[in-house]
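Q: Here it is, the structure, as structure tokens.
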């Protein structure tokens, strides 16, 4: 803690503001580059289990042209979803309506059965759309599910990390083209999805920040498990 006079504080804050503006401009440029990534066609057929029964990847768009998928860690044999992904998911419901207004449908996808997803969603009090990919290779094909021989190999996050678990977290974006063609436009994993966790963005503003000391979100519990 460094306590200073008001003029000294203002000088330090103005210098930080200069750096913040530089970062904002750099972030805007990075965002533009992200939007301009080339697209790749999705040629495999994926069928999911959801509240309406069997649904294709195209059905998940719900008539909009853009689809945002959160890859929620929930293995088929598990009874509850990952507490860290649950931390992320607490941010979803308030933004879904706003995304729809901008031609974006958001959905969570996990390998657990739809019955388990629905039961856990009810426990957590969520309402966002959540479907099961347990009967297809969607999670494997989009880099968030791994077979036993891959767990200690650097196959996650574009070959930069060993997954350590059979399921990992991520976000993938898709676009609907003419004639119903589907394109994969972007995916991010690990720290690349920090941006969609609004709680972390708030914590980054306060003096202690995330206060994790390189340990990651060790402190996180499901929201009904805090004292």
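In the numbering used here, the protein residues as written are 1 to 227. Backbone N, C-alpha and C define an ideal beta-carbon position, used for all residues, glycine too. Quick caveat, the model's predicted, so the values are computed rather than measured.
How many angstroms separate the CA atom of residue 135 from the CA atom of residue 17?
A: If you number the chain shown from 1, residue 135 lands on position 135. If you number the chain shown from 1, residue 17 lands on position 17. If I take the Cα positions, the gap works out to 50 Å.
Q: Which of helix, strand or coil does DSSP assign to residue 1?
A: For the purposes of this step, residue 1 is identified with residue 1 of the chain shown, where counting begins at 1. DSSP places residue 1 in coil when its eight states are reduced to three.
Q: Does the beta carbon of residue 59 sit closer than 8 Å to a beta carbon anywhere in chain D?
A: No chain D is present in this structure, which holds just one protein chain.
Q: Shortest alpha-carbon distance to residue 157 belongs to which of 143, 226 and 186?
A: By 1-based counting over the chain shown, the position of residue 157 is 157. Nearest option by C-alpha distance: 143.
Q: Applying the criterion that 16 or more other CB atoms from any shown protein chain within 10 Å of the CB defines a buried residue, is residue 163 buried or exposed?
A: As a working note, residue 163 is residue 163 in the chain shown. With 16 or more Cβ atoms within 10 Å of its Cβ, residue 163 is classed as buried.
Q: Quick check on residue 164: does DSSP put it in helix, strand or coil?
A: Residue numbering aside, residue 164 sits at position 164 when the chain shown is read from its first letter. Looking at residue 164 - three-state DSSP - the assignment turns out to be coil, as it is neither helix nor strand.
Q: Anyone know if the C-beta pair for residue 186 and residue 64 falls short of 8 Å?
A: Here residue 186 is taken as the residue at index 186 of the chain shown, counted from 1. Here residue 64 is taken as the residue at index 64 of the chain shown, counted from 1. Cβ distance not < 8 Å, so residue 186 and residue 64 don't count as in contact.
Q: Between residue 189 and residue 133, what straight-line distance do the alpha-carbon atoms span, to the nearest angstrom?
A: Against the chain shown, residue 189 aligns to sequence position 189. Against the chain shown, residue 133 aligns to sequence position 133. Between residue 189 and residue 133, the C-alpha separation is close to 18 Å.
Q: Determine the direct distance from the alpha carbon of residue 61 to that of residue 222, and round the result to whole angstroms.
A: Reading the chain shown from its first residue, position 222 is the one you call residue 222. Reading the chain shown from its first residue, position 61 is the one you call residue 61. Cα to Cα, residue 222 sits roughly 29 Å from residue 61.
Q: Tell me where the beta strand (DSSP E) around residue 88 begins and ends.
A: Counting from one through the chain shown, the residue named residue 88 turns up at place 88. Premise fails: residue 88 lies in the alpha helix (DSSP H), 83 to 89, not in any beta strand (DSSP E).
Q: With 16 as the cutoff for other CB atoms within 10 Å, does residue 112 come out buried or exposed?
A: For the purposes of this step, residue 112 is taken as the residue at position 112 of the chain shown. Classification for residue 112: buried.
Q: Would you kindly work out how many angstroms separate the C-alpha atoms of residue 179 and residue 43, rounded to a whole number?
A: Taking the chain shown and counting its residues from 1, one reaches residue 179 at position 179. Taking the chain shown and counting its residues from 1, one reaches residue 43 at position 43. Those two C-alpha atoms are separated by around 13 Å.
Q: Measuring only the C-alpha atoms, how far is residue 145 from residue 177?
A: Counting from one through the chain shown, the residue named residue 145 turns up at place 145. Counting from one through the chain shown, the residue named residue 177 turns up at place 177. Between residue 145 and residue 177, the C-alpha separation is close to 27 Å.
Q: In this structure, what does DSSP give as the bridge partners for residue 145?
A: One-based indexing of the chain shown puts residue 145 at position 145. Residue 145 is bridged to 167.
Q: By DSSP's criteria, residue 54 is part of a beta bridge. Which residues make up the other side?
A: Here residue 54 refers to the residue found at position 54 of the chain shown. DSSP output for residue 54 lists 49 as bridge partner(s).
Q: According to DSSP, residue 71 sits in a beta bridge with which residue or residues?
A: In the chain shown, residue 71 corresponds to position 71, counting from 1. In the DSSP output, where bridge partners are listed per residue, residue 71 has 109 and 170.
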